[in-house]
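In my numbering, the protein residues as written are -10 to 238. A virtual CB, placed ideally from N, CA and C, is assigned to each residue, including glycine. Structure first, then comments.
Okay, here's the thing in structure tokens:
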């Protein structure tokens, strides 16, 4: 009997610790499939900082490094410069990348570091109990915004792809989702392109995955995906925001 679907070699056999319905597992698989298909597992190093994916080192078969909260881009920069033939990726949430780590994010991007960034945007702090994140929507209720995010005091959500696409050092920036077969396939192609850009030495690539957090949103997985479609995607439209690898300036 022909095998048509199997676990990627770049994933370990360790069961995920993520909540039921959390899309982290889907994205992990897409990253692992890409590593397998490009044949780079033996020279890939992943960097995971504090957040829901803090234990990503348990799930990927490649080498992994745990970074301090928000410092994954700085650690990845050091790794890539010291070992330029290695493939280095960060795996970060919105609190980590867009809050405490925004300085490292901006400067790694503007320098055009030849790394790949996988950014999970679920509009909330997942690991620490559901506080407001830099990406929480206007009016969104969280543990620290019980009456909804007030833009007069908390400001507006940060659109990371739009922001980074203005920087000359960024080669590729795309926002995707994994809420349907079609979108999973699009996300896979985007992630593979981001890694391929690094293999080819083209510079900094970021893939933003608009995601959900059913537990902290207080919804079922299906309800959370629908809430994401109705509320997050209008504010965070999917698509390619920059692609210098195809000749775009």
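Output needed for residue i: all residues of its chain with C-beta closer than 7 Å, excluding positions within five of it in sequence on either side, in chain order.
i	result
residue 131	113, 119, 120, 121 and 125
residue 220	126
residue 17	0 and 48
residue 151	230
residue 89	58 and 59
residue 137	128, 129 and 130
Who are the near neighbours of residue i in its chain, counting only those whose CB is closer than 6 Å to its CB and skipping five residues on each side?
i	result
residue 94	62 and 86
residue 192	101, 103 and 160
residue 163	179, 196 and 229
residue 77	34, 65, 68, 69 and 104
residue 10	203 and 210
residue 40	82, 85 and 116
For a test of the three-state rule: what should DSSP assign to residue i, helix, strand or coil?
i	result
residue 143	helix
residue 168	coil
residue -5	coil
residue 5	coil
residue 224	helix
residue 229	strand
residue 156	coil
residue 20	helix
residue 185	helix
residue 133	coil
Should residue i go down as buried or exposed, given a rule of 16 or more other Cβ atoms within 10 Å for buried?
i	result
residue 171	exposed
residue -8	exposed
residue 168	buried
residue 182	buried
residue 80	buried
residue 71	exposed
residue 92	exposed
residue 111	buried
residue -6	exposed
residue 123	buried
residue 135	exposed
In chain order, what residues of the same chain have a beta carbon less than 8 Å from the beta carbon of residue i, not counting five sequence neighbours either side?
i	result
residue 239	Any property of residue 239 remains undetermined from this structure, which presents the chain solely from -10 to 238.
Going along the chain, which unbroken runs of the beta strand (DSSP E) with 3 or more residues stay wholly within the segment 101 to 125? For the segment 101 to 125, whole beta strand (DSSP E) runs of length 3 or above, ordered along the chain, are 105 to 110.
Write down every uninterrupted run of the beta strand (DSSP E) in the segment 36 to 85 whose length is 3 residues or greater and which is fully enclosed by it, in chain order. Counting whole runs of 3 or more residues, the segment 36 to 85 contains the beta strand (DSSP E) stretches 52 to 55 and 76 to 82.
In chain order, each alpha helix (DSSP H) run of at least 4 residues that lies wholly inside the segment 195 to 219: For secondary structure counted as the alpha helix (DSSP H) over 4 or more consecutive residues, the segment 195 to 219 holds these complete runs in sequence order: 203 to 206 and 210 to 216.
Three Cβ pairs or more, each shorter than 8 Å: is that satisfied between the segment 139 to 149 and the segment 205 to 215? Contact between the segment 139 to 149 and the segment 205 to 215 is absent: fewer than three C-beta pairs spanning the two stretches fall below 8 Å.
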